[in-house]
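Q:
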Amino acid sequence: MISRRSFLTGVAATVAVGSLAACGKKNNGTGGGKTVTLGFSQVGSESGWRSANTTSIKDAAGAAGINLKFSDAQQKQENQIQAIRDYITQKVDVISFSPVVSSGWDTVLKEAKAAKIPVILTDRQVDADASLWVSLVGSDFEAEGERAAHLLEKVLGQSSGPVNIAVLEGTTGSAPATQRAAGFKKVMDASHPEWKIVASQTGNFTRDGGKQVMAAFLQSHPEANVLFAHNDDMALGAIQSIQAAGRKPGTDIKIVSIDGVHDGFVAMTQGQINAIAECNPLLGPQLMDTVKKVLAKQSVEKWIKTQESDFLAADAASALPNRKY
Ligand code: GZL
């Protein structure tokens, strides 16, 4: 897994794909007169975030006049690799995907390069040669982990006493899980020797995963008084187990999460989640804009980052009506 730092160092340069071919051909902004076909492999439908991401991509393709071939990999890498191979066979104009895990992509990305089909990553990074993909449209997950830790500082305030943290990790081997953990740990190591991670296990970004793992944590580590969940869906599942154990989420166990989906905001208005670091799933418009630029041989940034905010429970009620997902 490349670290965020080496990722930035290795690929900081803007990709100059060549000057715009001024051939006089009518250009509908998507690479000439013909309709562009984009092959997209989605991770799955594991969370509210993923559903909002899928909707954004489908809506933006329609608005851009781009013909979208869409496949749901059900969180299985082999399904994504097969989908990418199918798109190569179908000779799509561009391939894009959100890689379920970071490693294991070099071979299929080399096949796409050999077929002269540009690849645009969305959402999650890959641990592969950066020359095999043109651009990433997505968030800075290490920063999200740091932001979650700073939100926990605010939630804890001046309260003294032990800080025993249970962590619900995202999908093992995925960029968000690896990097959110790294960002959170960076703040812990720098500023909070008094914080202790007493349990950490993947809930695979799903509500059921969060519910099952938190139930086990409550048995094995009843001393846990903080939950850091790598996404809202796992936090929402954990809330069910905390309540079933007769304890109060947001009070007996402080909860900090990442994403900012609708149900996460509702849980904040109910005092069950104490803070959320937003991770913006609405990547569709930026992706389609990048597709057009790549096909029009315009230069694109290697990493097109999404803008994101942080929310404490006190902010949730006023923010909720304006949320777009
Ligand atoms: C983050 C995305 C993660 C979300 C989860 O960009 O990859 O996957 O945080 C989703 O909700 O399942």
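Numbered according to mature numbering (1 follows the signal peptide of the UniProt record, and there is no 0), the sequence shown spans residues -21 to -1, 1 to 304. Note that beta-carbon positions come from the ideal geometry of N, C-alpha and C, so glycine has one too.
(1) Taking its Cβ as the centre, do 16 or more other Cβ atoms sit within 10 Å of K133, making it buried, or is it exposed?
(2) Kindly indicate which three-state DSSP category residue 305 falls into: helix, strand or coil?
(3) Considering only residues of the same chain and omitting the five flanking positions on each side of M(-21), which have a CB-CB separation below 6 angstroms?
(4) Note down the Cα distance separating G3 from D51, rounded to an integer number of angstroms.
(5) I'd like the list of long-range same chain contacts for A43, defined as Cβ closer than 6 angstroms, with 5 residues on each side in sequence excluded.
(6) Considering only the beta carbon of each residue, do A154 and I237 sit closer than 8 angstroms?
(7) Quick check on D211: buried or exposed, where buried means 16 or more other Cβ atoms within 10 Å of its Cβ?
(8) Evaluate the contact criterion for the region 10 to 30 versus the region 52 to 64: three or more CB pairs, one atom per stretch, below 8 angstroms.
(9) Would you check if the distance between the CB atom of E202 and the CB atom of S179 is smaller than 8 angstroms?
(10) Go to Q21, then tell me how far its beta strand (DSSP E) extends in each direction, as first and last residue.
(11) Can you tell me whether N58 sits near ligand 1, meaning its C-beta is under 7 angstroms from at least one heavy atom of the ligand?
(12) Let's test the definition: count the other Cβ atoms within 10 Å of the Cβ of A12 and tell me whether it reaches 16, buried, or not, exposed.
(13) Which same chain residues, not among the five before or five after D231, have their C-beta less than 8 angstroms away from its C-beta?
(14) Which word fits K190, buried or exposed, when buried means at least 16 other C-beta atoms lie within 10 angstroms of its C-beta?
A: Here's the rundown:
(1) Classification of K133: exposed, given that the 10 Å Cβ count is below 16.
(2) With the chain running from -21 to 304 in the structure shown, residue 305 is simply not present.
(3) The pLDDT assigned to M(-21) is 39, lower than 50, so where the model puts this residue is not dependable, and the model offers no usable value.
(4) Confidence at G3 is low in this model, with a pLDDT of 40, below 50, so the placement of that residue is unreliable and no value is reported for it.
(5) Beyond the five residues adjoining it in sequence on each side, A43 comes within less than 6 angstroms, by CB distance, of M267 in the same chain, given in chain order.
(6) Going by beta carbons, A154 and I237 fall outside the 8 angstroms limit.
(7) Buried, because 16 or more other Cβ atoms sit within 10 Å of the Cβ of D211.
(8) Of all C-beta pairs linking the region 10 to 30 to the region 52 to 64, three or more are shorter than 8 angstroms, placing the two stretches in contact.
(9) No, Cβ-Cβ distance for E202 and S179 is not below 8 angstroms.
(10) In the DSSP assignment, Q21 falls within the unbroken beta strand (DSSP E) covering 16 to 21.
(11) No, the beta carbon of N58 sits no closer than 7 angstroms to any heavy atom of ligand 1.
(12) In the sequence as presented, Ala is not what sits at residue 12; that position holds Gly. Flag for G12 reads exposed.
(13) Taking C-beta separations shorter than 8 angstroms and ignoring five residues to either side along the sequence, the partners of D231 in its chain run N204, I221, following chain order.
(14) Looking at its Cβ environment, which holds 16 or more other Cβ atoms inside 10 Å, K190 is buried.
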